[in-house]
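The structure appears below as structure tokens.
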Amino acid sequence: MRNLDVATLRSLLAVAEYGAVTRAAEALNMTQSAISMQMKRLEEVFGRPVLLKQGRGVILSDFGFELLTEARKMLAHNDAIIARFMGERPEGRLRVGLTCDWMIDKVAQATRAFRQDHPRIELVINTARSRDLRRQLKQGDHDLILTTEFESPPGAIHLGKADLAWAGAVGGKVWMERPFPFANSPDCSYTPAGMEALDRAGIEWRQMIGEGGKDTWRVLASADLGVTIIPADRPEAGLEIIEHNGALPPLPQTWLNVHVNDGPGQHMASDFICYLRSAVCEVATEAAAA
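Residue 146 in UniProt numbering sits at position 146 of the sequence shown, with consecutive numbering throughout.
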């Protein structure tokens with residue numbers, strides 16, 4: 001009967017989180033060769049690949065994802081036993097800041113799954129604009145934030161990219177009007193990118209929403225009174241991606257990033273990131289199958 005090493009499973013979680021053996025080693029204060037050896041031993045135990053190379057980093061194989069799910073359960077069991085018989089309390093409070101710019105339903109599913117697997121960890125959830133979340137993180141208001149940005153800054157954990165698209169009412173025609181009726185909230189992180197794209201294309205536009213119009217964009221776009229910007233992989237009720245055949249300028253991709261604060265919540269944050277990464281992979285799988 002072979003046994004699984006708990007420390008090796010923790011290393012597997014770190015590799016899944018950071019997407020690179022080097023960064024996982026730094027986070028765990030281990031050498032890269034030590035973690036590589038742990039991953040090799042896992043593959044030898046099961047006779048199946050755990051990691052696959054992707055660009056300059058690594059991703060989990062299909063088997064690796066299955067093993068990761070079971071590893072989380074085993075580690076939670078391990079920590080619970082330690083807590084019971086040694087009087088330690090691995091449970092704590094995790095403060096999470098979430099952007100509403102990326103598939104809130106998938107984020108909610110990831111959060112629920114984490115909560116079910118860690119019932120004694122108190123989750124404090126806050127939603128805000130990405131730039132406000134970054135400011136709040138610096139102030140120490142969060143242990144972890146999920147943001148959408150047009151870059152992946154140093155120190156950020158990159159989960160994926162999302163294509164942006166012009167969207168309007170189903171069967172709508174208002175996108176052909178000039179000046180172009182731009183129905184994005186001034187508070188939205190996508191708004192400056194849309195303005196710049198329109199200016200570069202020489203398309204005259206007018207802003208349809210004033211300050212504080214948090215959800216007005218949805219009403220205007222659904223009623224064919226304006227055009228908005230949404231992630232191409234996130235459907236919105238009453239809206240559709242505009243098939244403009246190049247009449248509207250292309251929009252940049254946006255990065256989905258995680259930022260973690262140094263502090264006592266760092267270990268719990270690392271576990272939570274694994275759930276977010278699984279949600280991103282699920283979206284990619286669904287998009288590929290569509």
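Ideal placement from N, C-alpha and C gives every residue a C-beta, glycine not left out.
Which of the three DSSP states is assigned to residue i in this structure?
i    : result
N78  : helix
R10  : helix
R56  : coil
E149 : strand
E122 : strand
P264 : coil
I273 : helix
A201 : coil
G212 : Annotation note: pLDDT 49 at G212 (below 50); position unreliable, no value reported.
A193 : helix
G168 : strand
L68  : helix
A144 : The residue asked about is misnamed: residue 144 is Leu in this sequence, not Ala. Strand at L144.
L256 : strand
Using 8 Å as the threshold, is the C-beta distance between residue i and residue j below it?
i           : j    : result
Y275        : A20  : no
A279        : Q109 : yes
L68         : L13  : yes
A162        : Q32  : no
I242        : W175 : yes
W217        : A183 : yes
V283        : G238 : no
T148        : S130 : yes
residue 294 : V15  : Limits of the chain in this structure are 1 at one end and 290 at the other, which puts residue 294 out of reach.
L75         : R10  : yes
I209        : P186 : yes
L164        : F180 : no
Please look up how many angstroms separate the CB atoms of residue i and residue j, rounded, as I've assumed it's under 8 Å.
i    : j    : result
L133 : G97  : 4 Å
A269 : L94  : 7 Å
I157 : V258 : 4 Å
N261 : G140 : 7 Å
D224 : G168 : 6 Å
L159 : L256 : 5 Å
Could you spell out the range, first to last residue, of the alpha helix (DSSP H) harbouring residue i?
i    : result
K138 : 130 to 138
Q207 : Careful: Q207 lies outside any alpha helix (DSSP H), inside the beta strand (DSSP E) at 205 to 207.
T111 : 104 to 117
Which residue comes first and which comes last in the beta strand (DSSP E) that contains residue i?
i           : result
K161        : 157 to 162
residue 311 : For the chain, the structure presents residues 1 to 290; residue 311 sits outside this window and is missing.
P181        : 180 to 182
L239        : 239 to 241
P231        : 228 to 231
Residue i CB to nearest chain B CB: under 8 Å?
i   : result
G92 : Looking for chain B here will not work: only one protein chain is present.
Go through the region 13 to 56 residue by residue and report every complete run of the beta strand (DSSP E) that reaches 3 residues or more, in order.
-> 51 to 54
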